[in-house]
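K.L.:
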Amino acid sequence: MLKIAMIAGEASGDMLASSLIRAIQNQYPGKVEFVGIGGKMMQDNGFKSWHKMETLSVMGYVEVIKSLPDILKVRYSVLKQLLEYKPDVFIGVDAPDFNFFIENKLKEAGIKTVHYISPTIWAWRYKRIFKIKKSTDLMLCIFPFEEEIYHKVGMAAKFIGHPMANDIELNIDTLKYRKLLNLPEDKTIITILSGSRIREVNSLAEILSQTCHKIAERIPNCLFIYPFASQHTLAIMDKYLNENKPGFEYKLVLNQTRDTIKASDMVIAKSGTVSLETALCKKPMLICYKINKFTEWMLRRMVTIDYVGQPNIIAGKEIVKEFLQEDANPDSMSEYIFELFNNQQKRKAMIDEFYKLHYTLLQDGSTEGAKAVLDLIQNKIND
């Protein structure tokens, strides 16, 4: 029997790990036992979780500090269990702060270790790679350029595709999603992705509202949709818009971000994962972001990349216009959206780049990941 241990720290990791479990079960002819820490999706696929995954699903400095005793208790408990269990391989799924500690201790004990989803060493704190190399035998990468970064320091790594590229269809039926969300078919719909964190929503609320107002003055029959992942951030924007009477038609929606993007004509997105999500949905867009001066000064000293938007980072060039800091102003952004609206050739060129991006990231990640894991422990399988 093959013994595989895994730790996933949050819902996204639970989903990725559950797919990987199924792929390993499909590829390995014998019996496999999966243990460690995981969520419902992993458990639905036969995984035995020794601790509640929710203990690790903590975000924010204050929340982490409050939960630190529980996290440390679980960390040392699961490490003891793993060392006694002696798995054939350990797979840490994201949750780098937690998993690299576990991987390091297990590798020292002679257990093969795999990490799924590389930290952004290519953006900042590159020197972490040497600690990762010491802890991990194989890195499963979701961006194509990450593989070479690890190879340069003599570490095994494999690009297995981005899970989002598999989740989003290649060709988007905009009308289908407008009907699904009960949105008008005859309006120009622009989606505003202002962020998932309270600080982001607060910092961009006024700028984005003024931008929408200027766009509405030049593009007739516009509807602006603000999707949010939490009721709290939606309430912040709702309060701001109600108090400031922005003078344009808008709608706030909850938990329908991707469908809203698919129903759009254009998108204004903050930097981060939503910019990649928008690109994979093939929607003409711009990227904006604004942070305080001190944070900007700190980041400029640490960050080693030329772009902040994931589509541009992956493409290695600017395929989406970025409006950062002082450039993230209503005049500049509204002018660019108006330019996109009136220039079909420019929109098509951007969408063509998005298709290239999608094909680059579109791999059967779980199958490729399972193959890489089983190749790593081939000697165990042969025994």
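Everything in the sequence shown is counted per my numbering, starting at 3 for the first residue and increasing by one. Note that CB positions come from ideal geometry on N, CA and C, so glycine has one too.
#1: If you pair each beta-carbon of the segment 145-154 with each one of the segment 341-361, do three or more pairs fall below 8 Å?
#2: Can you tell me whether DSSP reads GLY32 as helix, strand or coil?
#3: When the distance is taken between beta carbons, is ILE104 closer than 9 Å to GLY112?
#4: Looking at the secondary structure, which residues open and close the beta strand (DSSP E) in which GLU324 lies?
#5: Kindly indicate which three-state DSSP category THR362 falls into: helix, strand or coil?
#6: In the DSSP assignment, what residue or residues form a beta bridge with GLY38?
#7: Find out if the Cβ-Cβ distance for the pair ALA7, VAL91 is shorter than 9 Å.
#8: How would you label LEU140, buried or exposed, when you count the other beta carbons within 10 angstroms and need 16 or more for buried?
#9: For GLY38, which option in GLU245, GLN380, TYR78, GLY311 has the closest C-alpha, if you only look at C-alpha atoms?
#10: Excluding the 5 residues preceding and the 5 following LYS109 in the sequence, name in chain order all residues of the same chain whose CB lies nearer than 8 Å to its CB.
#11: Using the C-alpha atoms, what's the distance from HIS215 back to ILE194?
#12: To the nearest angstrom, report how far apart TYR357 and LEU18 are at their CA atoms.
#13: Quick check: the Cα distance between SER273 and LYS5, rounded to an integer number of angstroms?
#14: What is the residue span of the beta strand (DSSP E) that TYR395 lies within?
#15: Would you check whether the ligand GDP has a heavy atom nearer than 8 Å to the C-beta of PHE343?
#16: By how many angstroms is the C-alpha of ILE73 removed from the C-alpha of THR57?
#17: Run the CB neighbour count on ARG180, radius 10 Å, all protein chains shown included, and call it buried at 16 or more, exposed below.
#18: For LEU74, does the three-state DSSP call read helix, strand or coil?
#19: Across which residues does DSSP place GLU94 in a beta bridge pair?
#20: Measure the C-alpha to C-alpha separation of LYS405 and LEU378 and round it to an integer number of angstroms.
#21: Can you tell me which of GLY367, ASN47, ILE353, CYS290 puts its alpha carbon nearest to the alpha carbon of ALA330?
#22: For a quick check, are the C-beta atoms of LEU282 and LEU363 less than 9 Å apart?
#23: When DSSP builds the beta bridges, which residues end up paired with CYS283?
#24: Output the distance between the C-alpha atoms of PHE100 and TYR87, rounded to the nearest integer angstrom.
#25: Please classify PRO229: does DSSP put it in a helix, a strand, or coil?
#26: Grouping DSSP H, G and I as helix and E and B as strand, with all else coil, what is THR190?
#27: Since LEU225 and LYS189 should fall inside the 8 Å C-beta cutoff, what is the C-beta to C-beta distance between them, to a whole number of angstroms?
#28: Do ASN47 and PHE36 have their C-beta atoms within less than 9 Å of each other?
#29: Can you list, in chain order, the residues of its chain with a C-beta nearer than 8 Å to that of PHE132? Leave out the 5 residues immediately preceding and following it.
#30: Relative to the C-alpha of ARG49, which candidate in GLY32, ILE23, ALA351 has its C-alpha closest?
#31: Quick one: using the 10 Å Cβ neighbour count with 16 as the cut-off for buried, is PRO186 buried or exposed?
#32: Return the CA-CA distance between ASN314 and LEU142, expressed in angstroms with no decimal places.
#33: Please classify LEU359 as buried or exposed, where buried requires at least 16 other C-beta atoms within 10 Å of its C-beta.
#34: Which residues in the same chain as VAL80 place their Cβ atom closer than 8 Å to its Cβ, once the five residues preceding and following it in sequence are excluded?
#35: Measuring alpha carbon to alpha carbon, tell me which residue in SER205, THR259, LYS247 is nearest LYS292.
#36: Please report how far the alpha carbon of ILE339 lies from the alpha carbon of HIS164, in whole angstroms.
P.N.:
Result, derived from the coordinates:
#1: With the rule of 3 Cβ pairs closer than 8 Å, the segment 145-154 does not count as touching the segment 341-361.
#2: DSSP places GLY32 in the coil class of the three-state scheme, outside both helix and strand.
#3: Result no, Cβ atoms of GLY112 and ILE104 do not sit closer than 9 Å.
#4: Boundaries of the beta strand (DSSP E) around GLU324: 324-326.
#5: Helix at THR362.
#6: Looking at the DSSP output, GLY38 shares a beta bridge with MET8, SER51.
#7: Taking 9 Å as the Cβ cut-off, ALA7 and VAL91 qualify as a contacting pair.
#8: The residue is buried, with at least 16 neighbouring Cβ atoms inside 10 Å.
#9: Closest option to GLY38, Cα to Cα, is TYR78.
#10: The residues are THR115, LYS136, SER137, THR138, ASP139.
#11: Straight-line Cα distance between these residues: approximately 13 Å.
#12: For TYR357 and LEU18, the distance between alpha carbons rounds to 23 Å.
#13: Roughly 40 Å separates the two Cα atoms.
#14: What the structure shows of the chain is the stretch from 3 to 385, and residue 395 is not part of that stretch, so it cannot be assessed.
#15: Although the ligand GDP was asked about, the structure shown includes no ligands whatsoever.
#16: Answer to the nearest angstrom: the Cα atoms are 6 Å apart.
#17: By the 10 Å Cβ count, ARG180 comes out buried.
#18: Here DSSP, grouped into helix, strand and coil, assigns LEU74 to helix.
#19: The sequence given here has Gly at residue 94, not Glu. In the DSSP output, where bridge partners are listed per residue, GLY94 has ILE9, HIS117.
#20: This structure does not reach residue 405, given that the chain is present from 3 up to 385, and the question cannot be answered.
#21: Taking only the C-alpha atoms, the option nearest ALA330 is CYS290.
#22: Yes, the pair counts as a contact, with Cβ atoms nearer than the cut-off.
#23: DSSP lists no bridge partner for CYS283.
#24: Rounded to the nearest angstrom, the two C-alpha atoms are 19 Å apart.
#25: Note: PRO229 maps to strand in three-state DSSP.
#26: Three-state result, THR190: strand.
#27: Yes, they are in contact, since the Cβ atoms of LEU225 and LYS189 sit about 4 Å apart, within 8 Å.
#28: Result yes, Cβ atoms of ASN47 and PHE36 sit closer than 9 Å.
#29: Counting only residues of its own chain and dropping the five nearest sequence neighbours on each side, PHE132 has a CB closer than 8 Å to the CB of VAL155.
#30: First, the residue type needs correcting, since residue 49 is Phe and not Arg in the sequence shown. The alpha carbon of PHE49 has as its nearest neighbour, out of GLY32, ILE23, ALA351, the alpha carbon of ILE23.
#31: By the Cβ-count criterion, PRO186 is exposed, with fewer than 16 other Cβ atoms from all chains shown falling within 10 Å of its own Cβ.
#32: Going from the Cα of ASN314 to the Cα of LEU142 covers about 21 Å.
#33: That one is buried.
#34: Correct list, in chain order: ILE9, GLY38, ILE39, TRP52, HIS53, ILE104.
#35: Checked all of SER205, THR259, LYS247; the closest Cα to LYS292 is SER205.
#36: Distance between the alpha carbons of ILE339 and HIS164 is about 28 Å.
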